[in-house]
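Below is one structure; the comments refer to it alone.
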Amino acid sequence: MTVLSMFETLMSLPLFKGASHEQISLFVEKTHLSFNSYEPGDTIVSASDICRNVCCLLSGTMMVEHPVFSGNMVVREIVGHGRFLGVERLFGLDNRFAMSARAADKCGTMEFSKNQYLALLQSNQIFLMNSLNYISRHAQKCESFIMDGCNGSLLSVLAHIMDAKTSPESMMISLESVYAPLSDCLSTALPSASCQIDALARAGLVSVVSDHKLEISSRERLINAYRKSGDKCWL
6 MTVLSMFETL MSLPLFKGAS HEQISLFVEK THLSFNSYEP GDTIVSASDI CRNVCCLLSG
66 TMMVEHPVFS GNMVVREIVG HGRFLGVERL FGLDNRFAMS ARAADKCGTM EFSKNQYLAL
126 LQSNQIFLMN SLNYISRHAQ KCESFIMDGC NGSLLSVLAH IMDAKTSPES MMISLESVYA
186 PLSDCLSTAL PSASCQIDAL ARAGLVSVVS DHKLEISSRE RLINAYRKSG DKCWL
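Written out as structure tokens, the structure is:
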């Protein structure tokens, strides 16, 4: 990556949004940045690792895996450059990663320490506001899930999981059960889970790959369908 392309990438990232070229230059000059390369399949972060650095994907793609429902299911997404790992886990009582990530193809990351990130936040209100907005958004997603509830709707469950765990730029999103078939895992919380899966598939919102795996045809379409549905049960 050239110096110019790195600057352009940094200026496009949510944590640096609105910063001037001079402010980015000052950050690069004062910050010890670590650049790492990964081959396909290499682990970038593992679930339950302690988050001590801000990590950003600068090139290539990676597979991010989010355990849900006590680890009985996992949400997988392919993400591209600009994705941050760990910003929401740097502070607070629990500093462990709630997800894992590995290289989907040859990719490169940029990392810098928590202390350097704190210095960045103290240096300019633009960086501080960007960070507050980023962290607040993550907190609000969890609050939304609790407040809205699911009311027996698989569409609601999937829409909230997509909103909370994946990003709008995500590609190839899937939900996979680890042990029992998906319909069995969901049946304790969702009446007629199997029928609801079939209904979502007929609507083109999911694709049934196997008894254990669903692919989300379009994150945006699924979330919009939930918003328009009035939280119907899709039976």
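Each residue of the sequence shown is one higher than the last, beginning at 6 in our numbering. For each residue, glycine too, the CB sits at the ideal point set by N, CA and C. A quick note: this is a predicted structure, and the numbers were derived from the prediction, not measured.
Limits of the beta strand (DSSP E) - the one that residue i falls within
{"i": "A106", "result": "S105 to A108"}
{"i": "S215", "result": "V211 to S215"}
{"i": "L219", "result": "K218 to I221"}
Counted within 10 angstroms of its Cβ, other Cβ atoms place residue i as buried (16 or more) or exposed
{"i": "L240", "result": "With a pLDDT of 42 at L240, under the threshold of 50, the predicted position of this residue should be treated as unreliable, and no value is reported."}
{"i": "M176", "result": "exposed"}
{"i": "I166", "result": "buried"}
{"i": "A194", "result": "exposed"}
{"i": "F40", "result": "exposed"}
{"i": "Y184", "result": "exposed"}
{"i": "N229", "result": "exposed"}
{"i": "S161", "result": "buried"}
{"i": "R262", "result": "Outside the displayed range of the chain (6 to 240) lies residue 262, so it cannot be described from this structure."}
{"i": "I221", "result": "buried"}
{"i": "A2", "result": "Since the first residue of the chain shown is 6 and the last is 240, residue 2 is not available in this structure."}
Beta bridge counterpart(s) of residue i as assigned by DSSP
{"i": "H71", "result": "V80"}
{"i": "S25", "result": "Its beta-bridge partners do not exist; DSSP assigns none."}
{"i": "C60", "result": "L90 and E116"}
{"i": "T48", "result": "R107"}
{"i": "N41", "result": "T114"}
{"i": "R101", "result": "I55"}
Terminal residues of the alpha helix (DSSP H) in which residue i lies
{"i": "A230", "result": "R224 to S234"}
Test: residue i CB closer than 8 Å to a CB of chain D
{"i": "A108", "result": "Annotation note: the requested chain D is absent from the structure, which comprises a single protein chain."}
* Any chance the region 42-55 sits against the region 185-197, with 3 or more Cβ pairs inside 8 Å? -> In the pairwise beta carbon analysis, the region 42-55 is classified as not touching the region 185-197: fewer than three pairs are separated by under 8 Å.
* Asked: Is the region 60-71 close to the region 104-122, with three or more CB pairs under 8 Å?
  -> The region 104-122 and the region 60-71 touch, with three or more beta-carbon pairs separated by less than 8 Å.
* Which runs of the beta strand (DSSP E) spanning at least 3 residues fall entirely within the region 156-198, listed in chain order? -> You should have 176-182.
* Counting pairs of beta carbons, one from the region 126-140 and one from the region 196-214, are three or more of them closer than 8 Å? -> Three or more Cβ pairs closer than 8 Å define a contact, and the region 126-140 falls short of that threshold against the region 196-214.
* Asked: Three or more C-beta pairs closer than 8 Å, one from the region 25-37 and one from the region 72-82: is that the case here?
  -> Contact between the region 25-37 and the region 72-82 is absent, because fewer than three Cβ pairs lie under 8 Å.
* the region 98-105 / the region 15-29 touching (three or more Cβ pairs under 8 Å) -> A contact between stretches requires three or more CB pairs, one per stretch, nearer than 8 Å, and the region 98-105 fails this requirement with the region 15-29.
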